[in-house]
Amino acid sequence: MNSSSGLSDEDERVIILSWIYVSSLSLSLIGSCSVVVVSIIKRKHLNEQAKPLAQLALADFLASLVLMGTAIPNLPYELWPLSEKLCNIGLPLSLAFYCISFLLVIIYACESAHAFQGWRKNTEQEAFEVQLSRRRRRFCLIYIIAWAVPIIGYLIYINTVQIMQATLTAPCKKGHMTILKSGNRGPTARFCNSCILFLHLTNENDSCTTVDRAHSEFIRIFTLSSVLIVIISCTVVYCKLHSCYRHYENTSMFTMSQRPPGGIWSSARYMILVVFFCWTPALLLISLSFAQARIRHLFPLYVLQALSVSLQGFLNSIVYAWRRQNFRDAVLGERLPLMAYSNRAFFDQSLNEPS
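Residue numbers (the numbering used here): 405 to 759.
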């Protein structure tokens, strides 16, 4: 027990993790919000091609905002009365927005491949506006599904977990409070009410677990599969796109101005590395949670997770927007639209940026 502050070691760790979340999520909020605001203010110069960027930034912004909202109640010394309820609602909602971000990343990769291959395979007589209109109609429904499915899944999860919690936790309340008041070695009230991503998934027999086993297993499997799917899908799409680029390069279909220094892979690799970097610690935590490890053994990994997951919005805003010359030109230069050439798509220009 910490004699100076009256907090246990577990409580101190929760406060440390909460400060890491709040500080790192602030960067993501600034980065993703900047892309959303710029996309709205400069919409005439960014054209329709920038809408995927705005949607990705919006999903990251909402995920960061909700996750920060769950971390802030951990900071005061006095527990918030509704902190547990806000946590049970907020953490799944943040995961839903992160899932939307994953889906948008996959859609962005597919749309990049479609844009790259499409205009090179069509004849010069076919108007570029016709191609753009067809692609817009095709992907419009996909974007709606990408937002609707995770939100619907979240609503089902919340309604289900509330009903199951009412039947599981009610008989344990009295015994649970006795443990907290008796000063035993069990978890404190602050630790039990703390709202840290994946914190209470690591101990099946923990007396302060607030999610039933079925939903805990669902969260673990859902997160594992989501991250692996987005990494594998984007890797396959961009590898195929890189292969097509090499084919066109060998057949001399590129002019000298269209040849990027490192090829398409030099830009696409950063898009994959963002997901890999941000979610690898979380995947390790979820994998280790099946072994029922305690927080004191996994605290360094929780720190890495807090830093990496919280920075996803910030890193996406750099990789998908501010790092790209054509995006900066469209934002900073009133004379240049995001689609600078009539026969090249924005996705093609973006992937052809030098690393």
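Quick reminder that beta carbons are idealized off the backbone N, C-alpha and C, glycines included. For clarity, every value in this text was computed on a predicted model and none was experimentally measured.
- With a 10 Å radius around the Cβ and a threshold of 16 neighbouring Cβ atoms, Ile-635 comes out buried.
- For the options Tyr-425, Leu-421, Arg-594, Arg-650, the alpha carbon positioned closest to that of Ser-714 is the one of Tyr-425.
- His-518 has its alpha-carbon roughly 39 Å from the corresponding atom of Thr-564.
- Judged by DSSP in its simplified three-state form, Asp-616 adopts coil rather than helix or strand.
- Within a 10 Å sphere around the beta-carbon of Ser-629 sit fewer than 16 other beta-carbons, which makes this residue exposed.
- Only buried fits Gln-709, as 16 or more other CB atoms lie within 10 angstroms of its CB.
- Our two residues, Ile-493 and His-619, have alpha carbons roughly 13 Å apart in a direct line.
- Per DSSP, Pro-456 is one residue of the alpha helix (DSSP H) stretching across 455 to 475.
- Cβ atoms of Cys-437 and Phe-465 come within 8 Å of each other, at about 6 Å.
- Going by DSSP, Arg-417 is part of the alpha helix (DSSP H) stretching over 413 to 445.
- It is roughly 11 Å from the alpha-carbon of Gln-716 to the alpha-carbon of Leu-677.
- Secondary structure note for Arg-732: its alpha helix (DSSP H) is the uninterrupted segment 729 to 736.
- In this structure, DSSP gives Leu-687 a helical state, which the three-state scheme calls helix.
- Using a C-beta cut-off of 8 Å, the stretch 499 to 515 makes contact with the stretch 671 to 688, since at least three inter-stretch Cβ pairs fall below that distance.
- With contacts defined by Cβ atoms closer than 7 Å, Ser-443 and Ala-454 form a contacting pair.
- DSSP places Asn-720 in the uninterrupted alpha helix (DSSP H) bounded by 716 to 721.
- Between the C-alpha atoms of Leu-545 and Val-553 there is a straight-line separation of about 12 Å.
- Within the model, the alpha-carbon separation for Ala-725 versus Gly-435 is close to 10 Å.
- In the same chain as Phe-506, and ignoring 5 residues on each side of it, the C-beta atoms closer than 7 Å to its own belong to Ser-630, Val-634, in chain order.
- Rounded to the nearest angstrom, the Cβ distance from Val-735 to Lys-446 is 6 Å, consistent with a contact under 8 Å.
- Cα atoms of Arg-541 and Ala-461: separation of roughly 21 Å, rounded to the nearest angstrom.
- One thing to note: Tyr-649 has its Cβ no nearer than 7 Å to the Cβ of Leu-421.
- At least 7 Å separates the beta-carbon of Leu-479 from that of Leu-429.
- Put simply, the backbone Cα of Arg-594 is about 22 Å away from that of Leu-689.
- Of all alpha-carbon atoms in Ile-625, Arg-624, Cys-596, the one lying nearest the alpha-carbon of Ser-412 is that of Cys-596.
- Sequence-distant partners of Cys-491 (beyond 5 residues in either direction) whose C-beta falls short of 6 Å from its own C-beta, in its chain, are Thr-474, Cys-599.
- In the structure shown, Cys-491 adopts helical secondary structure according to DSSP, grouped into three states.
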